[in-house]
Structure formats: C-alpha cells, structure tokens
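Numbering (the UniProt record's numbering), first residue to last: 1 to 151. Virtual Cβ for every residue (Gly too), placed ideally from N, Cα, C. Nothing here was measured: the structure is a model prediction, and the numbers come from that model.
Put into structure tokens, the structure is as follows:
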C-alpha cells in the first residue's frame, strides 16, 4: 500500500476511502457544480451493491450534510419519498493525521482529509437493515481512511 502522504494533494472529488472496519469503499465522484450539491459520493460494497450519496451545504450555519440514498425515484420527489429512500443523513467531517477535526471541503476547494467521520452511519444503516430486510445495506462503521486518488 502506498503511504497516505502520497495522497496528500488529492482533491476531495477524486478521493477513495475504505471503511476502517470491513470491506466497504467510499468514492467521491467529480460532477457538475450544482447550486445545492457540493460533492457526490458512493458507498461500494464487496457484493457490488452501491449506495449513492451527495453533500449539501446548510445555511446560515454552513455544514456539509451528506445524504446516502438507496433506490430513490428519478426526477422530482416529495420530501416523504426522499426520506423513505435515505437511510443516512448527517454532517461529514474530515480528520487529520494529528486528530484535528474539520468540515469536508467542497468539490474544487480542498484536498481530501486523511480520514472521514460520518457520525451515526453504522447505527442508521443497521436500523435500515433491521427495518428493510435483505435489500438494506450492511453497516460499515463511521470512519473511513483515505486509500487512493482517482486519476
């Protein structure tokens, strides 16, 4: 494995992370700069299951709020429809080598943090698994470690 410092300049939109526990990967994907969406990402499971995610910044107190979705309807959706297909919603934090906590940078505005913290992701996905049966995603934990940079 290449030392993590080799990825120090990786832009967040090209970063690849792996769950600190388990085999789940988290990949950011570059995308169109949309007004509300600052980043896009996806969780990739070893069995090829994929959960799509996006990051919205809140106002007036700016926070990168991640939404992780599974089988959401295409096009215009109601709040209830979106809530039903969103097993996790929460602020995404970066963690440096020295343990400093920061907010996830927007696409095009910073390097990928050494680690990501997605608070309560494991609990939310476990709850979705319990309520949703076999279709629900397995919980990877809340911490992801930078393992690569897409070129």
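Counting only residues of its own chain and dropping the five nearest sequence neighbours on each side, residue 88 has a CB closer than 6 Å to the CB of 68, 121 and 124.
Of 81, 114 and 141, the smallest CA-CA separation from residue 127 is found for 141. The alpha carbon of residue 119 has as its nearest neighbour, out of 112, 101 and 111, the alpha carbon of 101. Here the alpha carbon of residue 54 sits roughly 16 Å from the alpha carbon of residue 112. Contact between the segment 11-28 and the segment 103-112 is present, with at least three C-beta pairs closer than 8 Å. For secondary structure counted as the alpha helix (DSSP H) over 4 or more consecutive residues, the segment 5-60 holds no complete run. The beta carbons of residue 65 and residue 43 sit no closer together than 8 Å. Residue 111 sits in a strand when the DSSP states are folded into three classes.
DSSP, reduced to helix, strand and coil, places residue 79 within a helical segment of the structure shown. Residue 64 is bridged by DSSP to 57.
Between the C-alpha atoms of residue 97 and residue 58 there is a straight-line separation of about 27 Å.
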